[in-house]
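A.B. asks:
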Amino acid sequence: FVESIGEVKYFRDSGVFSHDVVRNGSLTGVALYGNHLYLTEQNTNTVWTCEVGSDGDPIACHSHVALSAKCSIYGPIGIAATQQGIFVVARGPAKQGTICWFDLQGHKIAEVDGEYVDITSTRSGDLLAATQNELHRVSTDGNKLTTKRFAGGSTNSCLPNTEGDDTLLCEITRLLVVTEYEMYVTSEKKSVLRSVTLPPVYVQGVFPGRPLPVGYPDKDIMEWIVGNLTEDINTALGTTESIVASSSVHVDSTTWLTNFTAGVQQPDFDDEKTEQALHKSNYEHTKEAADEYYNLTDEQVYMDSTMVPYCNRLSLDALRRKLAKEAGEVLNFTLIYADMPLKAESSDAGNITTVKLLMPASFNNTVTHDLLSDANLTETAHSFIKYLRSSDTHVDVTFSNPPFNFSSLTPDEEQEVRWYIHDEVMNQIKKCEERSTGRSMARREEVGDYSRTTIATALDSNVTGVCQSTITNRTVSLFYQPPYVEMSLYEVFIPGNYTFDVSECVGEIDWQDLNDHLNNDTVRPTTEKAPKCGRVCLIIIAVVCALIVAVLIVLAVVFTSKRRRLAAVVAPARPKFVSTLDEDEQDYASAYGNKERVEQ
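For the record, in the sequence shown the residue sitting at position 583 is 635 according to our numbering, with numbers rising by one throughout.
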C-alpha cells in the first residue's frame, strides 16, 4: 500500500516494511500482477514498476510509462494490472476520470473517458471501476475498452439510504474489492467505509433423475445429496461458489421431477448462457448419490412382460404411479415412488418385468417385505394394465364346450393353441383393415416412437417405438344352469385403435379348423379359409356373452377362493391364470429376486 510518499509499504510475517521507489515522490496507487508491482506517481505523472524478489520484497524499481506523453492524462490515482495489461485512472485537470489501457510493456492500446475515480481487479482478472456514485465492470475486446454500470446511479442526495438493494452511492474516492460480489467503497469527505454486497442471481433448476428423497425420515440424507447437487451445478456452470439451499429442493407431486433453486453469484451469471448450461447438466454426482441411496432397499413388483404396454410412455408412467400409490397406502407413507417398468436382464426371465419401488432406507426390513407381499401388487399391476387398455384395443374370444374341448391338451399344446388363436385374430384384423374404406384412416393411431417426444427422459430408455399385440392364457367358466356348458375365454390385446368394429371383425373368424384340431380330426391348420361364421353366429355369441355377464358375481367368488396369486412373480396355476408366462418361466419367477432380508 502507499501513502502519498515515495515509498511502497508491504506486510511480511508480522511486520510492516517499506521500500523507496522514487525520491520525493507521491505514490497514489499500487497493483500486483505476476512478480511485478505497478505504481502510479503524481509528481512525475508516471507509472513505475518493481520486481518482487523470492522473499517477497520489492526490488529493482524504475519508471515504466510516461502518462502525459502516451495518454495525455495527469494526476493518476488508481491502477490495476491483469493479463490484458495495465489500466490507469487519472483525475487531473486535463481529462477528468479517464481510464487509459497499456499493454504490460507500456504501449498504449485504448482509453475511455468518464468520471472514474478508481480502478481495481479481482484475483480472476475481472476489472471493476468506480465513479463518485456508480460501480462499473470494465471489459476488453481486441483493442476496445468498454464499461457497464452494475451498482449505484446518479443522485443529488447522499447517504440517507444506507441499507437494502438500492443503496445510494456517493462521494466515492476508493474502491476495494474482496471478491466479485463483495467490495467496499470509501468516502474521503465523509470519512465513511461502505460495503457493497451483490446478492446472487437465483435460477430455477430441474433434476431429471429419480425423485430425490425429500421429506424422508433419514434426516441427514438430503444434506449429502444436496452437496452432490451443488457440485454438479458448479461443474455445469464452470463456477466454484454457486449454491443450492436444501430448503429449495422439492419433488413435484405431479411430474415426480425434483425442482430446486440455485444461487449463482452475479459475476458468474450470464443472461443467455447460465440457464441453458444448467438445463444441459447431466447431474452425474446427484444421480449416483440417489441410486446409492435407493439401492439400500430392494422391493420390486413382478409382472408379465407381454402384458406391459412398452410402446406407450404415458401408460408406463401411469402404471408405476399406480403401484407407488398402492405401496404407499400399504406402508402408510405417501412419499413412495417407483421406477419405470424394466424387463428382467436374465435370459431365464425373458417374460418377466420388474418395477422397483423407491422408499426410505429405514424400510429395509421383513415387515415391509411381508406387507407388500400380502398386498399382491402383481395382481394390482395386471388389473391396472387391463384398465389402461381402452375397449377398442381389447377383444374377447370365447369358445363353448361342446363343441370346443380343450381338456385333452398338454401344457405345451395349450401354448401352441393359445398363440394360434392370437395369430388368427391378428390376421383377421389385418384383413378387415385392408378392406376397410379409407385405409389410412383405419390404421391404428397409437403407434409411435415416444422416445422422440418432448416428455422423453432417461427413464424412457425401455420404451419401444411399436405397440405389440398379446393374448392371455385360457380362463374357464362354468354355467350352472342349462345348457351346462363350459366356456373358455381368451383376451387379445391389439396394438392400437381402429375405425372399424374390432369385435365384429373378429366374429367373422371360422374356428372349424381349431375344433377339428381339438378333436384330433386334423393337424393344426396353416392355410387360410373363407369365413363361415356369419351374422347368425355372431348373434349366438352375443347371447352367450350375455349369459357370462349374468354369472360374473358367482364366478368372482368361486375363482377368488381358488386363484393362486403371483407372489414372487406372475405365475398362478393354470387354467385360471390370465398372465402369459410359460411354465419354465413360472419356475424361474418363483425364485427371481428373492433375497435374504434382515429385520431392522
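Built from N, CA and C at the ideal position, the CB exists for glycine as well. Here the structure is a predicted model, which is why all the values come from computation and not from measurement.
Is LYS377 near the ligand GTP, with its Cβ less than 7 Å from a heavy atom?
C.D. replies: With respect to the ligand GTP, the structure offers nothing, as it holds no ligand at all.
A.B. asks: List the residues that DSSP assigns as beta-bridge partners of GLN520.
C.D. replies: Here residue 520 corresponds to residue number 468 of the sequence shown, with the count starting at 1. Note: GLN520 sits in no beta bridge, so no partner.
A.B. asks: For a minimum of 4 consecutive residues, which ranges assigned as the alpha helix (DSSP H) are wholly contained in the segment 299–363?
C.D. replies: Entirely contained in the segment 299–363, the alpha helix (DSSP H) runs reaching 4 residues are, in chain order, 326–331, 336–346.
A.B. asks: Classify ASN416 as helix, strand or coil using the three-state DSSP reduction.
C.D. replies: What you label residue 416 is simply residue 364 of the sequence shown in a count that begins at 1. ASN416: coil per DSSP, three-state reduction.
A.B. asks: Just the Cα atoms here: how many angstroms apart are LEU221 and GLU186?
C.D. replies: Here residue 221 refers to the residue found at position 169 when the sequence shown is read from its first residue. Here residue 186 refers to the residue found at position 134 when the sequence shown is read from its first residue. Cα to Cα, the separation comes out at about 6 Å.
A.B. asks: Excluding the 5 residues preceding and the 5 following GLY67 in the sequence, name in chain order all residues of the same chain whose CB lies nearer than 8 Å to its CB.
C.D. replies: In the sequence shown, counting from the first residue as 1, residue 67 sits at position 15. Excluding residues within five positions, none has a Cβ falling inside 8 Å.
A.B. asks: For VAL554, report the span of its alpha helix (DSSP H) as first-last.
C.D. replies: Taking the first residue of the sequence shown as 1, we reach residue 554 at position 502. Residues 554–558.
A.B. asks: What is the rounded straight-line gap between the Cα of LEU89 and the Cα of ALA132?
C.D. replies: Mapped onto the sequence shown, residue 89 falls at position 37. Mapped onto the sequence shown, residue 132 falls at position 80. When rounded, the distance between both Cα atoms is 10 Å.
A.B. asks: Using a Cβ-Cβ cut-off of 6 Å (strictly less than) and excluding sequence neighbours within five positions of ALA653, which residues of its own chain qualify?
C.D. replies: Residue 653 is absent from the structure shown; the chain starts at 53 and stops at 652.
A.B. asks: Between the alpha carbons of ALA142 and VAL316, how many angstroms are there, rounded?
C.D. replies: For the purposes of this step, residue 142 is taken as the residue at position 90 of the sequence shown. For the purposes of this step, residue 316 is taken as the residue at position 264 of the sequence shown. C-alpha separation (whole angstroms): 34 Å.
A.B. asks: Applying the 10 Å Cβ sphere with the 16-neighbour rule, what's the burial state of THR282?
C.D. replies: Stepping through the sequence shown from its first residue, residue 282 is reached at position 230. Buried, by the Cβ-count rule.
A.B. asks: Using the C-alpha atoms, what's the distance from LEU309 back to THR183?
C.D. replies: Here the question's residue 183 lines up with position 131 in the sequence shown. Here the question's residue 309 lines up with position 257 in the sequence shown. Their Cα atoms are separated by approximately 47 Å.
A.B. asks: Which residues mark the beginning and the end of the alpha helix (DSSP H) in which GLU378 is found?
C.D. replies: Within the sequence shown, residue 378 is the residue found at index 326, counting from 1. Per DSSP, GLU378 belongs to the alpha helix (DSSP H) from 365–383.
A.B. asks: Taking buried to mean at least 16 other C-beta atoms within 10 Å of its own C-beta, is ASP170 buried or exposed?
C.D. replies: Here residue 170 refers to the residue found at position 118 of the sequence shown. Answer is buried; the Cβ neighbour count reaches 16.
A.B. asks: Which one or two residues does DSSP pair with ARG226 in a beta bridge?
C.D. replies: Translated into positions along the sequence shown, residue 226 becomes position 174. Its beta-bridge partners are THR238.
A.B. asks: So, using beta-carbon positions, are HIS71 and PRO128 closer together than 8 Å?
C.D. replies: Position 19 of the sequence shown holds residue 71. Position 76 of the sequence shown holds residue 128. Contact flag unset, no.
A.B. asks: So, at 8 Å on beta carbons, what are the nonlocal neighbours of GLY105 in its own chain, with the 5 sequence-adjacent residues on each side left out?
C.D. replies: The residue given as residue 105 occupies position 53 in the sequence shown. Excluding residues within five positions, the ones whose Cβ falls inside 8 Å are ILE111.
A.B. asks: Consult DSSP for GLU293 and reduce its assignment to one of helix, strand or coil.
C.D. replies: Translated into positions along the sequence shown, residue 293 becomes position 241. Coil.
A.B. asks: Of all the options THR349, GLN256, MET235, VAL449, which has the alpha carbon lying nearest to the alpha carbon of THR313?
C.D. replies: Residue 313 sits at position 261 when you count from the first residue of the sequence shown. The shortest Cα separation from THR313 among THR349, GLN256, MET235, VAL449 belongs to GLN256.
A.B. asks: Have a look at MET274 and ALA342 and give me their C-alpha separation to the nearest angstrom.
C.D. replies: For this step, residue 274 is matched to residue 222 along the sequence shown. For this step, residue 342 is matched to residue 290 along the sequence shown. Roughly 10 Å between the two C-alpha positions.
A.B. asks: Looking only at its chain, what residues have a beta carbon closer than 8 Å to the beta carbon of ARG617, apart from the 5 residues adjacent to it on each side?
C.D. replies: Along the sequence shown, one-based indexing puts residue 617 at 565. Note on ARG617: pLDDT 33, under 50, position unreliable in the model; the coordinate value appears next. Excluding residues within five positions, the ones whose Cβ falls inside 8 Å are ASN428, THR430, GLU431, PRO624.
A.B. asks: Check whether the segment 556–563 and the segment 519–539 are in contact - that is, three or more C-beta pairs closer than 8 Å.
C.D. replies: Too few Cβ pairs lie closer than 8 Å, so no.
A.B. asks: If you drop the 5 nearest sequence neighbours on each side, which residues of the same chain put their C-beta closer than 6 Å to that of GLU59?
C.D. replies: As a first step, residue 59 is located in the sequence shown; it is residue number 7 there, counting from the start. Counting only Cβ-Cβ distances below 6 Å, and skipping sequence neighbours, we find SER70, ASP72.
A.B. asks: According to the neighbour-count rule (16 or more other Cβ atoms, all chains shown, within 10 Å of its Cβ), is GLU336 buried or exposed?
C.D. replies: As a first step, residue 336 is located in the sequence shown; it is residue number 284 there, counting from the start. GLU336 is exposed by the Cβ-count criterion.
A.B. asks: Mind checking which residues open and close the beta strand (DSSP E) that includes ARG189?
C.D. replies: If you number the sequence shown from 1, residue 189 lands on position 137. Per DSSP, ARG189 belongs to the beta strand (DSSP E) from 186–193.
A.B. asks: Just to confirm, are ALA390 and ALA370 a CB contact at a threshold of 8 Å?
C.D. replies: Here residue 390 refers to the residue found at position 338 when the sequence shown is read from its first residue. Here residue 370 refers to the residue found at position 318 when the sequence shown is read from its first residue. No, Cβ-Cβ distance for ALA390 and ALA370 is not below 8 Å.
A.B. asks: In the DSSP assignment, what residue or residues form a beta bridge with ASP170?
C.D. replies: Here residue 170 refers to the residue found at position 118 when the sequence shown is read from its first residue. Partner(s): ALA182.
A.B. asks: Where does CYS102 fall in DSSP's three states?
C.D. replies: The count along the sequence shown starts at 1 and reaches residue 102 at position 50. In this structure, CYS102 counts as strand in the three-state DSSP scheme.
A.B. asks: Cα-Cα, which of CYS484, LYS408, VAL258, THR80 is closest to ASN334?
C.D. replies: By 1-based counting over the sequence shown, the position of residue 334 is 282. Ranking CYS484, LYS408, VAL258, THR80 by Cα distance to ASN334 puts VAL258 first.
A.B. asks: At the level of alpha carbons, what is the spacing between GLY290 and LEU383?
C.D. replies: By 1-based counting over the sequence shown, the position of residue 290 is 238. By 1-based counting over the sequence shown, the position of residue 383 is 331. Spanning the two alpha carbons is a distance of roughly 43 Å.
A.B. asks: Apart from the five residues on each side of it in sequence, which residues of its chain come closer than 8 Å, Cβ to Cβ, to LYS339?
C.D. replies: As a position in the sequence shown, residue 339 is number 287, starting the count at 1. GLY261, ARG262, listed in sequence order.
A.B. asks: Along the alpha helix (DSSP H) that carries SER120, what are the first and last residues, could you check?
C.D. replies: Stepping through the sequence shown from its first residue, residue 120 is reached at position 68. That run of the alpha helix (DSSP H) goes 119–122.
A.B. asks: Can you give me the start and stop residues for the alpha helix (DSSP H) that HIS474 sits inside?
C.D. replies: Position 422 of the sequence shown holds residue 474. Counting along the chain, the alpha helix (DSSP H) containing HIS474 begins and ends at 463–487.
A.B. asks: Is it the case that the segment 454–464 contacts the segment 563–574, given that we only count it when at least three CB pairs across the two stretches are under 8 Å?
C.D. replies: Contact holds: three or more Cβ-Cβ distances are below 8 Å.
A.B. asks: For THR98 and ASP320, I'd like the C-alpha separation in whole angstroms.
C.D. replies: Locating residue 98 in the sequence shown gives position 46, counting from the first residue. Locating residue 320 in the sequence shown gives position 268, counting from the first residue. About 35 Å.
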